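S.K.: Going by our numbering, the sequence shown opens with residue 4, and the numbers climb by one from there. All C-beta atoms in this analysis are idealised placements derived from N, C-alpha and C, irrespective of residue type, glycine included. The model shown is predicted, which means the values in this text are computed figures rather than measured ones. Once you've had a glance at the structure underneath, I'll fire off some questions.
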Amino acid sequence: MTLDENRPEIHKFDTLLVANRGEIACRVMRTARRMGLKTVAIYSDADASARHVREADEAVRLGPAAARESYLNIEAVIDAAKRTGTGAIHPGYGFLSENGGFVKALEQAGITFVGPPASAIAAMGDKSAAKARMANAGVPLVPGYHGDDQDDALLRAESDKIGYPVMLKASAGGGGKGMRVVESGEGFKAALDGCRRESKAAFGDDRMLIEKYLVQPRHVEVQVFCDRHGNGVYLFERDCSVQRRHQKVIEEAPAPGMTAELRSAMGDAAVRAAQEIGYVGAGTVEFLLDADGSFYFMEMNTRLQVEHPVTEMITGQDLVEWQLRVAMGEKLPCTQDELTITGHSFEARIYAEDPDQDFLPATGLLTRFALDLEGAGLSADQVRLDSGVESGDVVSMHYDPMLAKLIVHGADRDAALATLNRALAALDVQGVVTNRAFLQRLANHPGFKNVELDTRFIERNEAALFAPRSYSTEAYASAALIGLNQLAQECESDSPWDRHDGFRLNAPHTIRIALSDPGFSQGPAQASDNDEAVVIVEGKRESGESLWNLTIGDKTLTASLQPLTGDAVAVTLNGHRRRLQARRDGHIVVMAEPSGETRLFWRRIDAIDHGHHETESTLTAPMNGTVVALLVASGAAVEKGMPLMVMEAMKMEHTMTAPADGSVDAFHFQAGDTVSQGDVLLDFAPSE
Ligand code: ADP
């Protein structure tokens with residue numbers, strides 16, 4: 004280690020390049036602009052018109068979409084900095100943020116790295132070496148072994164000494180790879196071999212360390228900050244216990260249940276950890292907090308973290324501004340005594356992914372991404388949306404699927420949690436599946452409210468956190484009405500009376516609607532009878548307001564629906580009025596309220612008495628496509644199963660057949676017309 008690495012030269016800068024994309028790039032540039040700096044973005048071909056590029060003063064293309072050819076290409080990033088006269092680079096998180104080689108390359112190029120010296124990154128890069136240094140600095144470690152001797156028998160003896168369960172971890176590890184829990188001595192050898200193989204493959208290094216496995220720990224991390232003048236402070240802690248596969252989902256600050264003593268003990272240990280390795284800038288020291296109040300060093304993240312906003316919310320400080328000031332050679336803006344905690348904050352990470360399909364990442368056109376604070380009765384000082392996207396953006400498959408972070412603040416934990424639930428419901432996301440409903444179930448979970456937190460919270464509560472197969476009568480009733488209302492609106496905005504579907508808006512009428520969980524393929528073929536609810540709707544429309552009687556099983560409800568502004572509607576069921584955000588996404592009705600989001604597959608099944616079975620209508624378009632041919636004349640009598648109309652979609656033809664004996668009253672489209680999924684193609688009248 005040379006002195007230069009520890010104390011890089013200070014270069015003044017008035018231009019900042021953000022070597023990242025998405026929400027963090029937007030967030031860093033926001034502060035930089037406020038501080039009067041010129042901002043430079045970099046982008047890959049997939050991001051040519053991304054939000055961070057639109058917001059930057061200047062932007063430079065790096066290369067193709069693949070990260071290693073763009074955001075991870077050190078040479079290209081430095082070249083972009085030179086082309087734009089950039090004095091400093093902020094790495095955000097991920098990509099090059101903890102890459103010592105990048106930091107050294109910037110040093111050589113005379114560009115300031117907004118972050119720690121390369122030597123501090125290296126010191127925390129290897130878990131075993133880091134633990135040895137932390138022990139040196141008097142930072143508590145999980146009982147365990149992190150020595151150089153890797154002899155099988157010795158490792159086994161150390162594990163026996165620690166006591167089972169133990170956790171084997173790759174010294175060179177990260178991202179949850181090369182980690183295994185060993186329950187007993189018998190399983191030790193097999194786990195060791197497996198872990199070594201995994202570690203060798205992932206990191207080219209198979210050294211192992213062993214730790215006591217804590218059964219119900221919380222993940223509590225401390226935000227630290229150091230300047231180049233020897234000052235170090237902690238900005239309190241965050242609880243990030245709610246994780247799925249070691250990935251954080253909802254974070255909060257402060258950690259519930261902290262005492263003043265524990266807070267300062269953890270804070271002091273964290274600052275000692277940072278100073279031991281000559282740290283400069285923003286860093287996070289992660290601890291496991293055991294049920295008995297013992298805490299143990301886990302690792303240090305040598306960068307700004309995704310969840311830093313909750314710390315900003317409770318301290319009133321802008322951590323990016325602190326980073327930039329430290330990088331300019333200034334002293335820390337505050338001393339430890341000047342820092343205080345006000346209220347409570349949560350952050351929920353909004354991902355383009357489907358939690359009910361094993362968190363499969365989702366892509367596509369984000370037709371809408373907006374947060375209607377006013378409509379939800381929330382104010383801007385309670386809610387902050389750090390977003391990398393806007394309505395109309397495309398979510399690609401090339402990068403991390405995190406779209407945005409929703410951050411809230413309240414006077415205390417309960418108030419902040421109530422605000423989080425409101426804000427999640429008010430978020431209007433369309434076009435791409437997100438984890439919003441999952442976040443709502445988490446934030447509404449009684450165990451979460453009661454602070455029953457540990458790193459296995461999601462695992463323990465799986466049944467309650469993933470989509471249920473059936474819903475309340477009220478949910479089915481609301482969904483039935485919302486679907487009908489949309490149909491009525493579409494009808495009115497078109498030429499009203501001649502084109503439609505037997506849903507006579509101004510006459511009493513009976514309609515049957517089947518509702519089911521959208522399930523995996525989002526198609527009716529997947530729904531079995533058990534998963535389906537049938538709502539029989541009878542009603543009429545009077546001067547703008549629709550009044551209905553709904554029958555679901557043996558229950559009958561009187562109902563009305565009133566459109567409010569935007570997507571908001573008020574549904575009144577037996578005199579109980581509820582306000583919710585509602586829309587139709589193809590065949591799916593999506594309803595969001597503070598207690599959660601519900602998605603239901605909606606379709607009309609106008610009943611035809613055919614023996615004792617109800618025959619389903621298949622007369623709506625099953626997908627977007629084109630009408631190829633009408634096969635019978637309007638008014639013609641047909642038999643059940645007779646082909647009526649041919650549609651083409653995705654280069655395949657689909658034939659619509661008669662659902663029963665009867666006649667076609669009217670076709671609503673002609674050959675060559677384009678139809679959308681869910682459009683009613685024809686009116687069908689079954690014979691008596
Ligand atoms: P990585 O660097 O691969 O992310 P970490 O060492 O940070 O691995 O551990 C990741 C997660 O694994 C922690 O947040 C915690 O949930 C769990 N974990 C790690 N060590 C232990 C331990 N000794 N006992 C219990 N859980 C642990």
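So, with DSSP's three-state summary, where would you put PRO2?
M.R.: Because the chain in this structure spans residues 4 to 691, residue 2 falls outside the shown range and cannot be described.
S.K.: Taking the C-alpha atoms as reference points, what is the distance between ASP682 and GLN246?
M.R.: Each residue's alpha carbon lies about 41 Å from the other.
S.K.: Does the beta-carbon distance from VAL21 to HIS93 come in below 7 Å?
M.R.: yes
S.K.: Going by beta carbon distance, what residues of the same chain come within less than 7 Å of PRO146, once the five residues before and after it are set aside?
M.R.: ILE165 and LYS215
S.K.: Determine the direct distance from the alpha carbon of HIS401 to that of ASN627, and round the result to whole angstroms.
M.R.: 27 Å
S.K.: Once DSSP output is grouped into helix, strand and coil, what is the label at LYS558?
M.R.: Per DSSP, reduced to three states, the secondary structure at LYS558 is strand.
S.K.: Is THR3 near the ligand ADP, with its Cβ less than 6 Å from a heavy atom?
M.R.: With the chain covering only 4 through 691, there is no way to say anything about residue 3.
S.K.: So, is GLY286 buried or exposed, given that buried needs 16 or more other C-beta atoms within 10 angstroms?
M.R.: buried
S.K.: Look at the alpha carbon of VAL329 and the alpha carbon of MET405, and state the distance between them as a whole number of angstroms.
M.R.: 28 Å
S.K.: Between ARG352 and GLU58, what straight-line distance do the alpha-carbon atoms span, to the nearest angstrom?
M.R.: 22 Å
S.K.: Since LEU2 is in the alpha helix (DSSP H), which residue starts that stretch and which ends it?
M.R.: Residue 2 lies beyond the residue range present for the chain, which begins at 4 and ends at 691; the question has no answer from this structure.
S.K.: LEU633 and PHE687: beta carbons closer than 7 Å?
M.R.: no
S.K.: Do the CB positions of THR338 and ALA256 come within less than 7 Å of each other?
M.R.: no
S.K.: So, at 6 Å on beta carbons, what are the nonlocal neighbours of GLY395 in its own chain, with the 5 sequence-adjacent residues on each side left out?
M.R.: Within its own chain, no residue has a Cβ closer than 6 Å to the Cβ of GLY395 once the five positions on either side in sequence are excluded.
S.K.: Would you call the stretch 111 to 120 and the stretch 43 to 55 in contact, with 3 or more CB pairs under 8 Å?
M.R.: By the Cβ criterion, the stretch 111 to 120 is not in contact with the stretch 43 to 55, since fewer than three pairs of Cβ atoms, one from each stretch, lie closer than 8 Å.
S.K.: How would you label ALA407, buried or exposed, when you count the other beta carbons within 10 angstroms and need 16 or more for buried?
M.R.: buried
S.K.: Is VAL223 near the ligand ADP, in the sense that its beta carbon is under 6 Å from a heavy atom of that ligand?
M.R.: Answer for VAL223: no, Cβ out of range of the ligand ADP.
S.K.: Applying the 10 Å Cβ sphere with the 16-neighbour rule, what's the burial state of ILE13?
M.R.: exposed
S.K.: Assuming LEU291 contacts LEU217 (C-beta within less than 8 Å), just tell me the rounded distance between them.
M.R.: 6 Å
S.K.: Between which two residues does the alpha helix (DSSP H) carrying PHE441 extend?
M.R.: 439 to 447
S.K.: So ALA379 and ALA419 are in contact, right, with Cβ under 8 Å, and what is the actual spacing, rounded?
M.R.: Contact flag wrong, Cβ pair sits at about 15 Å.
S.K.: If you scan the stretch 114 to 191 from start to end, which runs of the alpha helix (DSSP H) of 4 or more residues do you find wholly inside it?
M.R.: Residue ranges of uninterrupted alpha helix (DSSP H) with 4 or more members, entirely inside the stretch 114 to 191 and ordered along the chain, are 121 to 128, 130 to 139 and 155 to 165.
S.K.: Can you find a C-beta in chain C that's less than 7 Å from the C-beta of MET32?
M.R.: Considering every chain present, this structure includes no chain C. It has just one protein chain.
S.K.: Using only the heavy atoms of the ligand NAP, determine whether one of them is closer than 6 Å to the beta carbon of HIS149.
M.R.: Summarising the ligand content, the structure contains the ligand ADP and does not contain the ligand NAP.
S.K.: Grouping DSSP H, G and I as helix and E and B as strand, with all else coil, what is VAL236?
M.R.: Under the three-state reduction of DSSP output, VAL236 falls in the strand class.
S.K.: Hey, is PRO168 close to the ligand ADP, as in C-beta under 6 Å from one of its heavy atoms?
M.R.: Residue side-chain check: PRO168 keeps its Cβ at 6 Å or more from all non-hydrogen atoms of the ligand ADP.
S.K.: Is GLY179 near the ligand ADP, in the sense that its beta carbon is under 6 Å from a heavy atom of that ligand?
M.R.: yes
S.K.: Is the stretch 56 to 72 close to the stretch 423 to 442, with three or more CB pairs under 8 Å?
M.R.: no
S.K.: Can you name the start and end residues of the beta strand (DSSP E) that GLU78 belongs to?
M.R.: Premise fails: GLU78 lies in the alpha helix (DSSP H), 77 to 86, not in any beta strand (DSSP E).
S.K.: According to the neighbour-count rule (16 or more other Cβ atoms, all chains shown, within 10 Å of its Cβ), is ASP151 buried or exposed?
M.R.: exposed
S.K.: Between the Cα of GLU254 and those of PRO364, THR345, ALA585 and ILE410, spot the shortest distance and give me the residue it belongs to.
M.R.: The residue with the shortest Cα to Cα distance from GLU254 is ILE410.
S.K.: Between which two residues does the beta strand (DSSP E) containing PHE349 stretch?
M.R.: 347 to 354
S.K.: Confirm, please, whether the CB-CB distance from ARG444 to LEU423 is below 7 Å.
M.R.: no
S.K.: Looking at the ligand ADP, does it come within less than 6 Å of TYR96, judged from the CB to the closest heavy atom?
M.R.: The beta carbon of TYR96 sits no closer than 6 Å to any heavy atom of the ligand ADP.
S.K.: Alpha carbon to alpha carbon, how far is VAL252 from ILE81?
M.R.: 33 Å
S.K.: Within the present structure, is the beta-carbon of HIS579 separated from the nearest heavy atom of the ligand ADP by less than 6 Å?
M.R.: no
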